[in-house]
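Heads up: the structure comes next, in structure tokens.
2 protein chains.
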Amino acid sequence: MRSNVIFFHAGCPVCIEAEQKVALALDQSKYTVEVVHLGQSKARVAEAESLGVKSVPALVMEGQPFHINFGAPLSALK
Amino acid sequence: MRSNVIFFHAGCPVCIEAEQKVALALDQSKYTVEVVHLGQSKARVAEAESLGVKSVPALVMEGQPFHINFGAPLSALK
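Protein chains in written order, with my numbering: chain A, 1 to 78; chain B, 101 to 178.
This is the structure we're talking about:
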């Protein structure tokens, strides 16, 4: 079974780079990557926060947040 | 041809997590991941720096640095 990975972003240039280079480079046979734009899906900001996400872009793999570079703090997206 | 990716780390817990979860999750059919421990290979600190790496752990994909969470600044490894 493939693991679920969530890539949270906000459409910023740093986010797009991380998505194109890192998130899409994950092994698709092992991971299902869901891409969530927090600027467009504000309802999911609380979910990101509860997963430990502090800024975007961030990958959450097996419940663990990995912040990739720095685009924007989560507080800017509320 | 597979792209080369370098994962720079320093053996810290944050680094190990990022290696196990993110670096090893990259599609091995598309990427060759080289793992460099900068604490053990101090000669490569200058290389990491020239690639734009500011802290570890970091992935360099196609010449672009992606800092994943924060373990240690590069300056601590010189």
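For every residue, glycine included, the Cβ atom is placed at its ideal position computed from N, Cα and C.
In this text the structure is predicted, and so the values were computed from the model without any measurement.
So which of the options has the shortest CA-CA distance to residue i?
i	options	result
Lys42 of chain A	A:Glu62, A:His9, A:Pro13	A:His9
Asn104 of chain B	B:Ile116, B:Lys121, B:Val135, B:Pro113	B:Val135
Gly39 of chain A	A:Arg2, A:Val33, A:Gly71	A:Gly71
Val122 of chain B	B:Ile168, B:Thr132, B:His137, B:Lys178	B:Ile168
Gln111 of chain B	B:Phe166, B:Arg144, B:His137	Inspection of the sequence shows that residue 111 of chain B is occupied by Gly rather than by Gln. For Gly111 of chain B, the nearest C-alpha among the options comes from B:His137.
Ile16 of chain A	B:Pro173, B:Ile106, B:Leu174, B:Phe166	B:Phe166
Met1 of chain A	A:Thr32, A:Ala18, A:Lys78, A:Glu19	A:Thr32
Using the beta-carbon count (16 or more within 10 Å), is residue i buried or exposed?
i	result
Met161 of chain B	buried
Gly63 of chain A	exposed
Ala146 of chain B	exposed
Ala76 of chain A	exposed
DSSP three-state call for residue i: helix, strand or coil?
i	result
Glu17 of chain A	helix
Glu162 of chain B	coil
Ser3 of chain A	strand
Ala23 of chain A	helix
Ser41 of chain A	coil
Ala110 of chain B	coil
Could you tell me the boundaries of the alpha helix (DSSP H) in which residue i lies?
i	result
Ser150 of chain B	145-150
Looking at the secondary structure, which residues open and close the beta strand (DSSP E) in which residue i lies?
i	result
Val136 of chain B	131-137
Using 8 angstroms as the Cβ pair cut-off and three pairs as the minimum, do the segment 119-128 of chain B and the segment 17-32 of chain A touch?
-> They touch, by the three-pair rule.
Could you tell me whether the segment 37-52 of chain A touches the segment 148-159 of chain B, using the rule of 3 or more Cβ pairs below 8 angstroms?
-> When Cβ pairs closer than 8 angstroms are counted between the two stretches, the segment 37-52 of chain A is seen not to touch the segment 148-159 of chain B, the count staying below three.
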